[in-house]
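Counted the way my numbering counts, the sequence shown spans residues 87 to 292.
Where a beta carbon is used, it is the ideal one built from N, C-alpha and C, also for glycine.
Below: the structure, in structure tokens.
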Amino acid sequence: MAKESTTIDVGEPSTVTKSSSHVVVKEKKKGFVAAASGGGSKRGLAIFDFLLRVTAIAATLTASIVMFTAQETLPFFTQFLQFQANYDDLPTFQFFVIAVAIVASYLLLSLPISIVTIVRPRAVAPRLILLIFDTVVVTLNTAAAAAAAAIVYLAHNGNQNTNWLPICQQFGDFCQNVSTAVVAASIAIFFFIILIIISAIALKRP
């Protein structure tokens, strides 16, 4: 009778199993590193967002308070004849004070939501809420600043076609205050643009 030979190969399957498990572990490690790096970058954006909001609060409060306190009385020999310039003499400046005060209030109320984005950088809902409301509020801030800037321009330069004379030569302090308020509101608009860009980047990144 011929002898039958039997060959048992047990080494190769174990090698395949070990290599496949090694690949899975590597993929998990890569995914964990990517998730950690993404969360860290989003947290950095959230911290920058919070600091910008605090700075924007200071700018809008400065604009509203400076405009609210803008007034000047020209000295004359008699107390019965006086020329005064107050912010409430012009509806545009009144609108500016109210609108910028609303913007400052919104920024203050948005700070807790900004803190949530720091604690939970991957949360979508808080970041989306900030993006929507920032877009709405920056429109109000821009409208107030643009309207006030037009009046400030007329106060400085006048308009010869309509016989509007410049008043800043007489009311220098008043014009300086309203100009400062408009500049502060314009700086707040710049901050809002950066805030909107930050929210868009944070929502886009995985």
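8 Å contact criterion, which residue i and residue j should meet: CB distance rounded
i, j, result
"Ala-171", "Ile-237", "12 Å between Cβ atoms; not a contact."
"Ile-280", "Leu-138", "6 Å"
"Leu-160", "Val-189", "About 33 Å; that fails the 8 Å criterion."
Cβ pair residue i, residue j closer than 8 Å
i, j, result
"Val-214", "Leu-289", "The question names Val, but residue 214 is Leu in the sequence shown. The answer is yes: Cβ separation under 8 Å."
"Ala-234", "Ala-145", "no"
"Thr-221", "Ile-282", "yes"
"Ala-231", "Ser-272", "yes"
"Val-186", "Tyr-173", "no"
Same chain, Cβ closer than 7 Å to residue i, neighbours up to 5 away in sequence not counted
i, result
"Pro-207", "Gly-125, Lys-128, Arg-129, Ala-132"
"Thr-203", "Ala-132, Asp-135, Ala-209, Pro-212, Arg-213"
"Val-268", "Ala-231, Ala-234, Ala-235, Val-238"
"Ile-275", "Val-224, Asn-227, Thr-228, Ala-231"
"His-242", "Pro-252, Cys-254, Cys-261"
Residues near residue i by beta carbon distance below 6 Å, same chain, minus five either side
i, result
"Glu-113", "Note that Glu-113 has pLDDT 44, beneath the 50 cutoff, so the model's placement of it is unreliable and the number below is only indicative. Within the same chain, Glu-113 has no close Cβ partners at all."
"Thr-148", "Ala-270"
Spatial neighbours of residue i in its chain, beta-carbon cut-off 8 Å, leaving aside the 5 residues before and after
i, result
"Leu-240", "Trp-250, Pro-252"
query: Does the count of Cβ pairs from the region 258-268 and the region 150-159 closer than 8 Å reach three?
result: yes
Stretch pair the region 242-257 + the region 212-231: three plus CB contacts closer than 8 Å: no
query: Can you list the alpha helix (DSSP H) stretches of 4 or more residues lying completely in the region 233-291, in chain order?
result: 258-290
field: Unbroken stretches of the beta strand (DSSP E), 3 residues or longer, contained in the region 149-218
entry: 157-160, 169-172
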